[in-house]
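Residue numbers (this note's numbering): 1 to 242.
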């Protein structure tokens with residue numbers, strides 16, 4: 001389930017791309033497939049990194065020397081990279097899990113090259129509030145969400161670091177009702193008929209991508225999109241923080 005839209009986040013041949021909080025690899029693998037880039041995924045969870053490596057095996061191009069792929073176990077608060085390392089950075093559905101997210105934003109600004117692009121996505125506030133209202137366990141689980149973001153405030157905080165905002169959209173409208181159902185039936189969600197049937201619908205949509213559901217979601221995203229996705233550019237004359 002890809003959140004970043006590469007139409008608004010153009011990858012160029014030779015780019016170094018960081019997927020910060022890559023999880024099981026959806027965006028770091030997508031970036032590798034999208035263009036001749038070196039794609040690097042970073043996450044704290046070793047099991048997720050192992051899953052990402054396994055998934056990547058289906059997309060590897062060992063004979064293509066223009067591409068590179070790597071995964072690293074690292075803390076977003078102390079990235080093991082030099083200043084101005086990456087041309088593009090993705091941080092998708094991660095910041096809501098981290099107490100000191102502003103320190104993570106500073107690290108992102110530090111390792112992003114002048115002229116580079118940054119994409120951040122977080123859960124949209126009002127669909128997220130419904131999840132919190134329906135189930136305490138949704139956000140109180142280990143590694144769960146620690147805040148509900150005000151997207152305008154987050155945008156301002158990123159801009160305060162010197163990055164220039166250039167685009168915003170919403171994503172995953174069809175997933176919002178699914179999470180409301182999961183929260184409503186949290187204790188027995190794995191056995192609940194509605195949750196199971198909705199999950200089947202989402203899997204079918206992901207695999208088949210029929211025109212009807214793709215069009216429906218694009219129409220619903222501005223209204224009920226579960227994620228807000230924002231894009232920024234680091235000015236060409238800027239340098240990473242010390």
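Glycine is no exception: its CB is placed at the ideal position from the N, C-alpha and C atoms. On a predicted model such as this, the values are computed, not experimentally measured, just so you know.
Considering Cα atoms alone, identify which of 88, 96, 52, 126 is closest to residue 109.
The sequence position of residue 109 within the chain shown is 109, counting from 1. Nearest C-alpha to residue 109: 88.
Output the boundary residues of the beta strand (DSSP E) element that contains residue 73.
The sequence position of residue 73 within the chain shown is 73, counting from 1. From DSSP, the beta strand (DSSP E) with residue 73 extends over 68-73.
Backbone secondary structure at residue 161 - three-state DSSP
Here residue 161 corresponds to residue number 161 of the chain shown, with the count starting at 1. DSSP places residue 161 in coil when its eight states are reduced to three.
With distances taken from CA atoms, which of 201, 76, 100 is nearest residue 90?
Taking the first residue of the chain shown as 1, we reach residue 90 at position 90. That would be 76, whose Cα lies nearest to the Cα of residue 90.
For a quick check, are the C-beta atoms of residue 227 and residue 34 less than 8 angstroms apart?
Here residue 227 refers to the residue found at position 227 of the chain shown. Here residue 34 refers to the residue found at position 34 of the chain shown. No.
Just curious, the beta strand (DSSP E) that residue 89 is in, first and last residue?
What you label residue 89 is simply residue 89 of the chain shown in a count that begins at 1. Element bounds for residue 89: 86-92.
Give the secondary structure of residue 219 by DSSP, where H, G and I count as helix, E and B as strand, and everything else as coil.
Here residue 219 is taken as the residue at index 219 of the chain shown, counted from 1. It is helical.
Could you tell me which uninterrupted alpha helix (DSSP H) segments, each at least 4 residues in length, are contained entirely in the region 163-188, listed from first to last along the chain?
175-184
Take the Cβ of residue 47 as the centre, count every other Cβ of all protein chains shown within 10 Å, and call the residue buried at 16 or more, exposed below.
Counting from 1 along the chain shown, the entry for residue 47 is found at position 47. With fewer than 16 other Cβ atoms within 10 Å, it is exposed.
If I'm right that residue 55 touches residue 25 with Cβ under 8 angstroms, what's the distance once you round it to whole angstroms?
Here residue 55 is taken as the residue at index 55 of the chain shown, counted from 1. Here residue 25 is taken as the residue at index 25 of the chain shown, counted from 1. Right, their Cβ atoms sit about 5 angstroms apart.
Would you report the Cα separation of residue 192 and residue 186, rounded to the nearest angstrom?
Looking up residue 192 in the chain shown gives position 192. Looking up residue 186 in the chain shown gives position 186. Note on geometry: alpha-carbon atoms of residue 192 and residue 186 lie some 9 angstroms from one another.
Nonlocal neighbours in the same chain, by C-beta distance under 8 angstroms from residue 59, ignoring five residues either side:
In the chain shown, residue 59 corresponds to position 59, counting from 1. Excluding sequence neighbours, residue 59 sits near 29, 32, 33.
Could you work out which residue in 11, 105, 179 is closest to residue 133 when comparing CA atoms only?
Along the chain shown, one-based indexing puts residue 133 at 133. Its Cα nearest to that of residue 133, the residue 179 stands out among 11, 105, 179.
Going by DSSP, what residues sit across from residue 41 in a beta bridge?
Along the chain shown, read from residue 1 onward, the residue named residue 41 stands at position 41. Its beta-bridge partners are 19, 71.
Between residue 229 and residue 145, which are expected to be in contact by the criterion C-beta below 8 angstroms, what is the C-beta distance as a whole number of angstroms?
Here residue 229 corresponds to residue number 229 of the chain shown, with the count starting at 1. Here residue 145 corresponds to residue number 145 of the chain shown, with the count starting at 1. Going by Cβ atoms, the distance from residue 229 to residue 145 rounds to 17 angstroms, so no, they are not a contact pair.
Please classify residue 142: is it buried, with 16 or more other beta-carbons within 10 angstroms of its beta-carbon, or exposed?
Within the chain shown, residue 142 is the residue found at index 142, counting from 1. For residue 142, the number of other beta carbons within 10 angstroms of its own is below 16, and it is reported as exposed.
Near residue 216, which residues of its chain fall below 6 angstroms by C-beta distance, leaving aside the five closest residues on each side in sequence?
Residue 216 sits at position 216 when you count from the first residue of the chain shown. Cβ within range, chain order: n/a, list empty.
Confirm the yes/no value for this check: CB of residue 236, any heavy atom of the ligand FMN, distance under 7 angstroms.
As presented, the structure is devoid of all ligands, the ligand FMN included, so that no description of it is given.
Separation of residue 232 from residue 149, as counted between CA atoms:
The count along the chain shown starts at 1 and reaches residue 149 at position 149. The count along the chain shown starts at 1 and reaches residue 232 at position 232. Taken atom to atom, the span from the alpha-carbon of residue 149 to that of residue 232 is near 17 angstroms.
Those runs of the alpha helix (DSSP H) which lie wholly inside the region 97-128 and span at least 4 residues
101-111
Please classify residue 7 as buried or exposed, where buried requires at least 16 neighbouring CB atoms within 10 angstroms.
Here residue 7 is taken as the residue at index 7 of the chain shown, counted from 1. By the 10 Å Cβ count, residue 7 comes out exposed.
So which of 167, 188, 10, 174 has the shortest CA-CA distance to residue 204?
For this step, residue 204 is matched to residue 204 along the chain shown. Nearest of 167, 188, 10, 174 to residue 204, Cα basis: 174.
Distance check for residue 102 and residue 96, CA to CA, integer angstroms please.
Numbered from 1 along the chain shown, position 96 holds the residue referred to as residue 96. Numbered from 1 along the chain shown, position 102 holds the residue referred to as residue 102. Between residue 96 and residue 102, the C-alpha separation is close to 11 angstroms.
Taking the alpha-carbon positions, what's the residue 153 to residue 63 distance?
As a position in the chain shown, residue 153 is number 153, starting the count at 1. As a position in the chain shown, residue 63 is number 63, starting the count at 1. Each residue's Cα considered, the two are about 45 angstroms apart.
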